[in-house]
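S.K.: In this text, residue positions in the sequence shown follow the numbering used here: the first is 10, and each later residue adds one.
C-beta atoms are modelled at their ideal positions from N, C-alpha and C, and glycine is treated no differently.
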Amino acid sequence: MKFKATLTALCCAVMTCTAASTAEAAKIGVSMPTQALQRWNQDGANMKSELEKAGYEVELLYAGDNDIPTQVNQIENMVAGGCEVLVVAAIDGSALTEALRGAKEKNIPVISYDRLIMNSDAVTYYATFDNYKVGQMQGKFVEDALKLKDGDGVKYTEFFTGPTDDNNVNFFWGGMIEIIQPYLDSGKLVCRSGQTTMAQAATLNWNLEEAQKRMENLIASQGYGPDGGTQLDAVICSNDSTAQGVVNALVGNGYDATNIPLVTGQDCDRPNVKFMKRGLQSMSIFKDTRTLAAQVVKMVDAIVQGKEVPVNDTKTYNNGTGIIPSFLCEPVVGTKANYKELLIDSGYYKEKEI
């Protein structure tokens, strides 16, 4: 019995020592763009938690409020500070080429997180959601809700997306416009402002206030309004911060849950879930950051252990230096009808939070 106890203790000590040496052997640097948006706080927190559970030392840094020089400096310090893998959510997908040159020189693998880092051969892998599908889902929701395929009459819309330096915008917009463009071409769907290109619909830094200001300008210039104003049936927003700005502008100009246009979004941010519950926002794409964080941990594990890294797309994402092996997680449509099952029952939010 004494021998058994000693052997058990020895085995436990060996396991503890092995776990400790794994953690010591792999310091992971995680660079997030901002704490000003809820989703990046959640991404960073989930990533740090999952990596630490797996036994890694984690250096998590936020680049102020989307401050590119801060992110560049932080990444350079991570490279110099002994990080063995970098996970980077870029502010500007084209601004990190020089910052990552040191990672390339030191053979430090770089996982581009959510937003693809462009024009850098230091990028080893890409982990994200299927962002083209996000746009398709938003477009399909509008197509179905407005009965564009089979309905009679003309419907009216405006468009809001993010900054053109965010490579994800190309996919959000591309997926959405694939569904919507035929109706613009046929005249079944009309954008009164004529602002139908990605550049015209862009919102700097996905900023809520910028989106609200632009929507207020559109209301004034196009005469949109609930009481005898010009008809507006949908505002297609690529994410929730732009949607929040749009809803604020619409409510500020007399719209309510009985007459507000259809508004799309993405991320299921808390204020927007509240909007959906109140009937002020029609849908939001849910991208469970826990799923993405868990997938990144699997990728980090494979890199550290010298195993094959799990990817499911080797054709789509070219960052200007070649195709980047990627893993795409599945997005889900969230609405007033399913938010409880999707967000509360799954433990993503507590009921009191929304």
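For residue 126 versus residue 105, is the C-beta distance shorter than 7 Å?
M.R.: The answer is yes: Cβ separation under 7 Å.
S.K.: Taking the alpha-carbon positions, what's the residue 44 to residue 162 distance?
M.R.: Residue 44 and residue 162: Cα-Cα distance of roughly 44 Å.
S.K.: Would you call the CB atoms of residue 65 and residue 35 closer than 7 Å?
M.R.: In contact: residue 65 and residue 35 (Cβ atoms closer than 7 Å).
S.K.: My parser needs the alpha helix (DSSP H) runs of 4 or more residues fully inside the stretch 70–147; what are they?
M.R.: As far as the stretch 70–147 is concerned, its whole alpha helix (DSSP H) runs of at least 4 residues are 77–89 and 110–114.
S.K.: Nearest chain B C-beta to residue 219 closer than 7 Å, yes or no?
M.R.: Of the chains in the structure shown, none is chain B; there is only one protein chain.
S.K.: For residue 245, name the three-state secondary structure that DSSP assigns.
M.R.: Of the three classes helix, strand and coil, the one that applies to residue 245 here is strand, per DSSP.
S.K.: For residue 41, does the three-state DSSP call read helix, strand or coil?
M.R.: Residue state, collapsed to three classes: strand.
S.K.: I believe residue 231 touches residue 202 by the beta-carbon criterion, under 8 Å. Please report the beta-carbon distance rounded to the nearest angstrom.
M.R.: That pair is a contact at about 6 Å.
S.K.: With DSSP collapsed to three states, give me the class of residue 225.
M.R.: The answer is helix: DSSP assigns residue 225 an H, G or I state.
S.K.: Could you work out which residue in 211, 223, 154 and 216 is closest to residue 189 when comparing CA atoms only?
M.R.: Out of 211, 223, 154 and 216, 154 has the C-alpha closest to the C-alpha of residue 189.
S.K.: So residue 291 and residue 271 are in contact, right, with Cβ under 8 Å, and what is the actual spacing, rounded?
M.R.: At roughly 5 Å, the Cβ-Cβ gap stays under 8 Å, so residue 291 and residue 271 are in contact.
S.K.: Any chance you could list the alpha helix (DSSP H) runs of at least 4 consecutive residues sitting entirely within the stretch 241–297, in chain order?
M.R.: Those alpha helix (DSSP H) runs which fall completely within the stretch 241–297 and span 4+ residues are 249–261 and 279–287.
S.K.: State the DSSP-derived secondary structure class of residue 349, mapped to helix, strand or coil.
M.R.: Residue state, collapsed to three classes: helix.
S.K.: Put residue 161 into one of helix, strand or coil per three-state DSSP.
M.R.: In this structure, residue 161 counts as coil in the three-state DSSP scheme.
S.K.: Would you kindly work out how many angstroms separate the C-alpha atoms of residue 307 and residue 129, rounded to a whole number?
M.R.: If you take the alpha carbons of residue 307 and residue 129, they lie about 23 Å apart.
S.K.: Which residues in the same chain have their Cβ closer than 8 Å to the Cβ of residue 158, if we skip the five residues on either side of it in sequence?
M.R.: For residue 158, where only same-chain residues beyond five positions count, the Cβ hits under 8 Å are 152.
S.K.: Would you say residue 304 and residue 136 are within 7 Å of each other, going by their C-beta atoms?
M.R.: Against a cut-off of 7 Å, the Cβ pair of residue 136 and residue 304 comes out as a contact.
S.K.: Short check: CB of residue 227 to CB of residue 250, under 7 Å?
M.R.: Their beta carbons are not under 7 Å apart, which means residue 227 does not touch residue 250 by this criterion.
S.K.: Check the C-beta distance from residue 169 over to residue 212 and give it rounded, since I have them as a contact under 8 Å.
M.R.: With a Cβ gap of about 6 Å, residue 169 and residue 212 count as contacting.
S.K.: Is the stretch 171–185 in contact with the stretch 130–149, if contact means three or more CB pairs nearer than 8 Å?
M.R.: Yes, since at least three Cβ pairs between the stretch 171–185 and the stretch 130–149 fall closer than 8 Å, the two stretches touch.
S.K.: State buried or exposed for residue 327, treating a residue as buried only when at least 16 other CB atoms are found within 10 Å of its CB.
M.R.: Residue 327 is exposed by the Cβ-count criterion.
S.K.: Taking the alpha carbon of residue 364 as the reference point, which residue from 312, 330 and 49 has its own alpha carbon closest?
M.R.: The displayed coordinates of the chain run from 10 to 363. Any statement about residue 364 would go beyond what the structure contains.
S.K.: When DSSP labels each residue in this structure, what does residue 29 get in the three-state scheme?
M.R.: The predicted model places residue 29 with a pLDDT of 38, which falls under 50 and marks its position as unreliable; any figure quoted below should be read in that light. Helix, per DSSP.
S.K.: Straight-line CA distance for residue 325 to residue 133?
M.R.: If I take the Cα positions, the gap works out to 15 Å.
S.K.: Measuring only the C-alpha atoms, how far is residue 23 from residue 174?
M.R.: Its pLDDT being 40, under 50, residue 23 is placed unreliably in this model, and the value from its coordinates should be taken loosely. Distance between the alpha carbons of residue 23 and residue 174: 49 Å.
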